[in-house]
Structures are given as C-alpha cells and as structure tokens.
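Reviewing the structure listed below.
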Amino acid sequence: MSDKKEAGTNGHAKSEGAASIKVLRDRHGGMSAEMKEYYKELNNIRKLLFDALKSGPMTVPELARKCSLKSETTMWHVMAMRRYGEVVEDKIQGDYYSYRLKEAH
Amino acid sequence: MSDLNKRYDGMVIGAGIAGMQAALDLAEQGFQVLLVEKDPSIGGVMVGLNKVFPTLDCSSCICTPRMAEAAHHPNITIQTYTEVLNVDRNGPGFNVKLLKKPRYVDEDTCIGCSKCELECPVLVPHEFDYGLGSRRAVYIPHSNAIPQVATLDVEHCTFCGKCAKVCPADCFIYDQQPEEIEIEVGAVIVASGLQITPMGAKAEYNGDKLPNVVNPLGMERIQSSNGPYGTVLRPSDGKIPKKIAYVQCAGSRDKTIGVSYCSRVCCMYALKQALLTTHYIHGVEITIYHMDIRAFGKGYEQFYRRAMDEGIKIVKGKVAKIDETDNQDLIIRVEHLDEGGRVEEARYDMVVLSQGLMPAWKPGSALGIDVGEDGFFESVNPKIKPTLSTMEGVFLAGVSAGPKDIPDSIVEAGAAAMEAANYLQRTTKPKVTA
Ligand SMILES: Cc1cc2nc3c(=O)[nH]c(=O)nc-3n(C[C@H](O)[C@H](O)[C@H](O)COP(=O)(O)OP(=O)(O)OC[C@H]3O[C@@H](n4cnc5c(N)ncnc54)[C@H](O)[C@@H]3O)c2cc1C
Chain A
7 MSDKKEAGTN GHAKSEGAAS IKVLRDRHGG MSAEMKEYYK ELNNIRKLLF
57 DALKSGPMTV PELARKCSLK SETTMWHVMA MRRYGEVVED KIQGDYYSYR
107 LKEAH
Chain B
86 MSDLNKRYDG MVIGAGIAGM QAALDLAEQG FQVLLVEKDP SIGGVMVGLN
136 KVFPTLDCSS CICTPRMAEA AHHPNITIQT YTEVLNVDRN GPGFNVKLLK
186 KPRYVDEDTC IGCSKCELEC PVLVPHEFDY GLGSRRAVYI PHSNAIPQVA
236 TLDVEHCTFC GKCAKVCPAD CFIYDQQPEE IEIEVGAVIV ASGLQITPMG
286 AKAEYNGDKL PNVVNPLGME RIQSSNGPYG TVLRPSDGKI PKKIAYVQCA
336 GSRDKTIGVS YCSRVCCMYA LKQALLTTHY IHGVEITIYH MDIRAFGKGY
386 EQFYRRAMDE GIKIVKGKVA KIDETDNQDL IIRVEHLDEG GRVEEARYDM
436 VVLSQGLMPA WKPGSALGID VGEDGFFESV NPKIKPTLST MEGVFLAGVS
486 AGPKDIPDSI VEAGAAAMEA ANYLQRTTKP KVTA
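Protein chains in written order, with the working numbering: chain A, 7 to 111; chain B, 86 to 519.
Structural data, given as structure tokens:
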C-alpha cells in the first residue's frame with residue numbers, strides 16, 4: 007500500500023539478513039535489560055512446562071503445582087503453546103481440560 | 086518513501102466501523118479518500134467482538150466484508166500503522182502531517198504467510214486479545230486483519246534475524262525508519278472511536294489485580310472461537326466457569342471516576358455475553374448486578390426479556406467490593422436494592438466488569454476541535470447537525486462523538502460523509518460570478 011523499500015535493502019533481506027538485523031540492533035541499542043530478563047524468564051518457564059508435560063497430559067492447576075509456577079502464568083503459557091500448535095486439549099477432568107504435547111500422540 | 090498522493094478530498098481518522106463506513110460513503114460519491122488507522126489492521130473494536138446484539142450475528146463475519154470493501158475501493162487509500170501528528174487549516178482545507186510507523190516489512194511484497202511469526206522465539210501478550218492471549222514479536226494481528234502483513238514489534242525483538250531468513254518473499258526491511266508524510270485534504274472526518282474505562286478505575290473491584298475479574302472486551306475474545314482459549318475458560322487456571330457475575334456501571338455513571346455519563350451499550354453487551362455463555366457452557370449460572378437496565382434500541386427490550394426467559398438472573402444490587410479466595414474464586418459483596426439494602430456475599434468463578442466507553446483519542450493541539458466535559462468531541466449543533474465539529478470542514482462519526490452502538494455509529498458515519506461531501510462541493514466548486 008504505502009511503504010516502498012529504501013535503496014540498498016530491496017531484495018537483499020534473505021541473503022544479507024544477518025547484516026541487516028545488525029542495523030536494527032545497533033539503532034535500538036540492542037535488547038534492553040528488561041527485555042533480556044523477560045526473554046530469559048520466558049524460556050525458563052517454557053522449558054519447565056515442556057518437561058512436565060512429557061510425563062503425560064495435565065490440567066493447568068496440576069502443571070502449576072508441578073512446576074511451582076503461578077497458575078495464571080501457567081495458563082497464559084499453556085494457551086500460547088496451544089495457539090502455536092505445541093499442545094492440544096486432551097480429556098476434561100472435572101471442570102478442567104487437560105493438555106498434552108502435540109508430538110506425544 | 087511513501088507513495089501517497091499529495092492531495093485527497095477527504096481524510097478519515099480511524100478505521101473502525103464508523104471510519105470505514107464514512108470513507109466508503111464519501112468514496113462512493115466520487116471523492117478521493119485517505120483512511121488513516123493507527124493500528125496495524127483496520128476494523129477497530131468490532132472486528133474483535135464475538136457476536137453483536139440483538140441479532141447475534143457473528144461480528145467479524147459482518148465486519149470483514151466492510152473492511153475488504155474499503156480496502157478494494159478505487160477511491161480509498163488506506164494508511165495503517167500511521168498516526169496523525171497535525172491538522173492545520175489552510176483556506177477551506179487542511180495541511181496534514183502524518184507519521185508512518187515502521188513495520189520493518191514491505192507491505193507490498195509481504196504475502197502474509199506467517200512463516201516469520203512461527204519462527205520468532207518471543208511470546209508477547211496480544212493486544213487483540215486484551216493481553217489474555219499471545220502473539221510473537223513479529224506477527225500478523227489476526228486472521229481477519231487487513232492488510233494481511235507482518236509487523237515487527239521492535240521493543241520485544243531479540244534481533245536474532247530469523248524472520249528475514251525464513252521469509253519467502255524477501256520483505257523484511259530492517260533499516261526502515263519512521264516516515265513523516267505531508268498531504269493536503271479538503272475535509273476531515275474524525276472516527277477515532279473508543280477505549281474502555283481502565284480496569285483499575287474503582288479500586289474496590291480489584292479489576293487490575295485479580296485475573297478472574299475480566300474486562301468486557303477480553304470476555305468478547307474469550308467467547309470467540311478464534312479467541313485466546315478457543316472456548317470459555319477463566320484466566321487464572323483454565324477452569325470452565327459455572328458461576329459468572331456481571332457488574333453493571335462498573336466504569337460509567339460515577340463522578341468519582343470522572344465518567345458521569347451512561348455508556349449506552351454496557352447493559353446490552355452484558356445481556357448478550359450472558360445469554361451466549363449459557364449456550365456455550367451447560368448449566369452455567371449468570372447474575373447481572375445493575376442499577377437499572379437500559380435497553381433502548383430496536384429489538385433491545387425484547388432481547389432483554391429473552392435473556393431473562395433463558396434464565397439470566399437480573400438483580401438490582403450495588404456491588405461494594407470484590408475479593409479473591411485462596412483458589413482464586415471471587416467473593417462479591419452486594420447490597421440488594423430491592424430488598425431494603427440487604428447485604429450479601431456471593432461466590433463466583435469469574436466476574437466481568439461492565440466498563441464504560443471513553444474516547445480513544447485526545448488530540449490536544451494536533452487537531453484544534455473542541456472536546457466536551459465528557460471528553461468526547463463536541464458538536465457545534467448537537468440537535469440539528471450532530472456530526473459538525475467546532476471547526477468548519479471537520480466532521481464527527483461514531484464513538485469519538487459520544488458513546489453509541491454499531492448501528493448508530495454507521496448511521497452517523499453516513500451523515501458525516503454527506504456533510505463532508507456538501508462541504509467539499511461548496512468549497513472546491515469554482516465561484517459563479519454574475
Ligand atoms: C464489550 C463491548 C461489546 C460491544 N458489543 C456490541 C454489540 O454487540 N453490538 C453493538 O452494536 N455495539 C457493541 N459495542 C459497541 C461498539 O463496539 C461500538 O459502537 C463501535 O465499535 C464503534 O465504532 P467506532 O468506529 O466509532 O470506534 P472503534 O471501533 O473504536 O474504531 C476506532 C478506530 O480508530 C482508530 N484510532 C483511534 N485513534 C486514532 C488516531 N489518533 N489516529 C488513527 N486511528 C485512530 C482505532 O485504532 C480504531 O481502529 C460493544 C462495545 C463493547 C466495549
């Protein structure tokens with residue numbers, strides 16, 4: 007619609023992706039300390055949840071207990087995993103769905 | 086560099102349902118229209134709603150054809166992810182300064198394949214789901230977004246460069262910069278719409294602290310099949326809620342929070358959400374606590390009756406406080422107004438605060454039109470010409486001019502487009518001299 011590529015970048019993104027991203031990183035002074043912390047925490051939580059789910063389907067409260075995470079944090083991450091196709095709903099247990107890793111079926 | 090024209094007959098600010106309708110109506114009369122939207126996609130609030138009262142039509146199903154119509158109209162140019170910096174009078178028309186924010190993606194070559202989004206390693210709370218769902222740092226806003234192109238949120242970027250590596254269309258432009266664009270327009274229609282009152286507005290409801298006290302737009306997403314959970318669950322732990330309460334006027338008709346007016350749509354959206362939830366969850370019990378129910382539109386009173394017939398409890402009661410139990414259930418302290426002020430504490434799985442509507446945009450000096458005491462744009466003649474702002478050549482449509490529902494927003498958009506067309510005819514036609 008509106009943006010036109012600027013001279014020098016058009017068509018080069020794929021082959022020179024690493025070089026170009028450096029421009030963006032430099033312009034923004036790299037990742038902020040806050041973002042670094044956020045990203046580290048994100049990966050830690052995801053690893054905990056993946057490892058826990060390897061032992062079988064679980065509800066959000068069960069996962070939260072097993073991983074010692076806040077249950078709303080667990081919920082948000084399980085729903086993110088669901089959205090991006092990493093977990094799927096399994097059976098309903100009482101008032102809760104249980105979730106399992108997609109590959110594990 | 087922008088490939089926009091230097092001049093448009095009309096500029097519409099905000100591409101929600103009102104802005105899209107105004108742009109279409111003006112374009113249909115042969116005027117060239119620039120439709121400016123600050124978000125990455127057009128569609129406004131309506132494209133994220135689940136279903137609409139009182140017909141219960143699927144909201145995105147009736148909104149997306151309108152979005153496509155605007156996008157494909159030969160007389161409409163859409164400029165998304167763009168802010169309005171300044172609108173200055175120049176004769177009968179205006180000089181406009183816009184700021185196109187960088188997406189770091191070429192909108193013309195991106196094919197919307199989502200490969201970059203699937204590869205991106207960062208998860209971020211998704212604005213479209215009011216934080217309940219997630220997106221990646223590079224993302225396509227949603228499946229109905231127009232344009233269907235990726236945006237890189239640089240604040241959450243790890244600068245790994247994977248997005249460009251997997252892009253089959255070579256569309257990443259990592260050195261894209263914000264771009265100031267200057268144009269001239271003959272008339273302006275403001276359709277900048279709404280935000281809801283902040284969830285923390287009433288401290289005693291803990292709406293900004295307790296995960297199961299939900300905002301009503303979040304509830305629309307929870308109910309949507311393409312929403313954050315795919316089914317109705319509560320945010321704290323994924324429990325299928327069996328008892329839900331609505332607190333009416335949680336963000337309206339209350340001087341203490343600076344919103345003394347009635348927001349006009351909250352009774353109806355609460356009734357709609359309540360009724361729909363009974364269709365989604367077998368045996369769910371829903372109570373709506375209210376001061377009085379205002380069901381003023383065509384078919385609305387009948388809808389209210391239907392909700393009661395289908396078992397929604399409508400209780401005249403003033404909610405004083407909402408607290409959380411150890412398992413994150415909620416305790417509502419309510420004073421029953423029809424029972425001599427009897428005070429009761431009731432337990433719920435989830436509570437929806439029926440927050441009111443506030444204006445989304447406060448332009449300050451960027452656009453010199455007057456704002457009323459309620460914060461919405463003022464009309465110079467609210468009875469006879471409600472779409473005329475206090476500046477000649479600037480017209481108002483939708484919630485930017487005051488709380489209203491979708492049908493009223495559409496009607497007002499048509500009226501604003503007609504007033505703008507008349508103005509353009511008047512001011513651009515050569516003067517006939519005797
Ligand atoms: C929970 C809830 C449920 C509802 N359910 C219903 C329903 O079932 N039926 C019904 O009839 N109504 C319903 N409504 C009301 C409905 O949402 C509004 O009537 C409608 O969205 C108003 O449309 P609009 O175009 O005026 O505003 P919006 O939808 O808010 O659109 C405004 C657009 O302008 C953009 N914008 C804002 N500022 C700027 C700027 N400075 N520059 C560029 N762009 C800008 C915004 O990003 C947005 O895209 C509901 C409201 C709520 C809160």
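A virtual CB, placed ideally from N, CA and C, is assigned to each residue, including glycine. These numbers come from a predicted model, not from an experiment.
1. Could you name the residues that DSSP lists as bridge partners for residue 466 (chain B)?
2. How would you list, in chain order, the residues of chain B whose beta-carbon sits under 7 angstroms from the beta-carbon of residue 86 (chain A)?
3. My parser needs the alpha helix (DSSP H) runs of 4 or more residues fully inside the segment 354-405 of chain B; what are they?
4. Mind pulling the alpha helix (DSSP H) runs of 4 or more residues that sit fully within the segment 276-339 of chain B?
5. Using a Cβ-Cβ cut-off of 8 angstroms (strictly less than) and excluding sequence neighbours within five positions of residue 471 (chain B), which residues of its own chain qualify?
6. Flag residue 325 (chain B) as yes if its beta-carbon sits less than 8 angstroms from any beta-carbon of chain A, otherwise no.
7. Chain B beta carbons: is any one of them nearer than 8 angstroms to that of residue 78 (chain A)?
8. Quick one: which chain B residues come within Cβ less than 8 angstroms of residue 48 (chain A)?
9. Quick check on this structure: which residue in B:315, B:377 and B:118 has the alpha carbon closest to the alpha carbon of residue 160 (chain B)?
10. Nearest CA to the CA of residue 206 (chain B): which residue from A:45, A:40 and A:59?
11. List the residues of chain A whose Cβ lies closer than 8 angstroms to the Cβ of residue 132 (chain B), in chain order.
12. With respect to the alpha helix (DSSP H) encompassing residue 68 (chain A), which residues constitute its N-terminal and C-terminal limits?
13. State the Cα-Cα distance for the pair residue 280 (chain B) and residue 442 (chain B), rounded to the nearest angstrom.
14. Among the residues of its own chain, which have a CB less than 7 angstroms from the CB of residue 505 (chain B), if the five just before and after it don't count?
15. Which residues in the same chain as residue 400 (chain B) place their Cβ atom closer than 6 angstroms to its Cβ, once the five residues preceding and following it in sequence are excluded?
16. Pick helix, strand or coil for residue 237 (chain B), following the three-state DSSP scheme.
17. Out of B:238, B:315, B:230 and B:437, which has the shortest C-alpha to C-alpha gap to residue 293 (chain B)?
18. Measuring alpha carbon to alpha carbon, tell me which of B:450, B:263, B:308 and B:335 ends up nearest residue 289 (chain B).
19. What residues are listed by DSSP as bridge partners for residue 161 (chain B)?
20. Leaving out five residues on either side along the sequence, give the residues of the same chain with a beta carbon under 7 angstroms from the beta carbon of residue 21 (chain A).
21. Less than 8 angstroms between CB atoms is the rule here; does residue 243 (chain B) satisfy it with respect to chain A?
22. For residue 378 (chain B), is the beta carbon positioned less than 7 angstroms from some heavy atom of ligand 1?
23. Considering residue 50 (chain A), what are the terminal residues of the alpha helix (DSSP H) in which it resides?
24. To the nearest angstrom, report how far apart residue 392 (chain B) and residue 354 (chain B) are at their CA atoms.
25. Please state the DSSP three-state secondary structure of residue 102 (chain B).
26. Does any residue of chain A bring its CB to less than 8 angstroms from the CB of residue 425 (chain B)?
27. Select from the segment 266-298 of chain B all residues with a C-beta closer than 8 angstroms to any C-beta belonging to chain A, and list them in chain order.
28. Could you list which residues in chain B have their beta carbon closer than 8 angstroms to that of residue 36 (chain A), in chain order?
29. Looking only at C-alpha atoms, which of B:404, B:417, B:356 and B:240 sits nearest to residue 389 (chain B)?
30. Return yes when the Cβ of residue 85 (chain A) is within less than 8 angstroms of the Cβ of residue 219 (chain B), no when it is not.
31. Are there any heavy atoms of ligand 1 lying less than 7 angstroms away from the beta-carbon of residue 85 (chain A), as far as the coordinates show?
32. Can you tell which of B:507, B:461 and B:384 has its C-alpha closest to the C-alpha of residue 346 (chain B)?
33. What does a CB cutoff of less than 7 angstroms around residue 116 (chain B) pick up in its chain, not counting 5 residues either side in sequence?
34. Find out if the Cβ-Cβ distance for the pair residue 222 (chain B), residue 203 (chain B) is shorter than 8 angstroms.
35. Consult DSSP for residue 102 (chain A) and reduce its assignment to one of helix, strand or coil.
36. Can you tell me whether residue 146 (chain B) is buried or exposed? The criterion is at least 16 other CB atoms within 10 Å of its CB, across all chains shown.
Here's the rundown:
1. In the DSSP assignment, the residues bridged to residue 466 (chain B) are B:470.
2. At a C-beta separation below 7 angstroms, residue 86 (chain A) has these neighbours in chain B: 208 and 219.
3. 385-394
4. 301-308
5. For residue 471 (chain B), the CB contacts under 8 angstroms within the same chain, skipping 5 residues up- and downstream, are 464, 481, 486, 497 and 500 in chain order.
6. yes
7. yes
8. 207 and 208
9. B:118
10. Cα-wise, what sits closest to residue 206 (chain B) is A:45.
11. By Cβ distance, chain A contributes nothing, its closest Cβ being about 18 angstroms from residue 132 (chain B), past 8 angstroms.
12. Taken as a continuous stretch (DSSP letters only), the alpha helix (DSSP H) holding residue 68 (chain A) covers 66-73.
13. 6 angstroms
14. Excluding positions up to five away in sequence, the list reads 95, 111, 272, 274 and 480.
15. These residues qualify, in order along the chain: 372 and 374.
16. strand
17. Of the candidates B:238, B:315, B:230 and B:437, the residue whose Cα lies closest to the Cα of residue 293 (chain B) is B:437.
18. Measuring from the Cα of residue 289 (chain B), the nearest candidate turns out to be B:335.
19. Paired residues: B:118.
20. Low confidence applies to residue 21 (chain A): its pLDDT is 44, below 50, so where it sits in the model is not reliable enough to give any reading.
21. yes
22. no
23. 39-59
24. 12 angstroms
25. helix
26. no
27. 296
28. Within chain B, 244 have C-beta atoms less than 8 angstroms from the C-beta of residue 36 (chain A), given in sequence order.
29. B:356
30. It is a contact, given that the beta carbons lie within the stated cut-off.
31. No - ligand 1 has no heavy atom lying nearer than 7 angstroms to the Cβ of residue 85 (chain A).
32. Ranked by Cα distance from residue 346 (chain B), the options B:507, B:461 and B:384 are led by B:461.
33. 94, 95, 160, 506 and 509
34. no
35. strand
36. exposed
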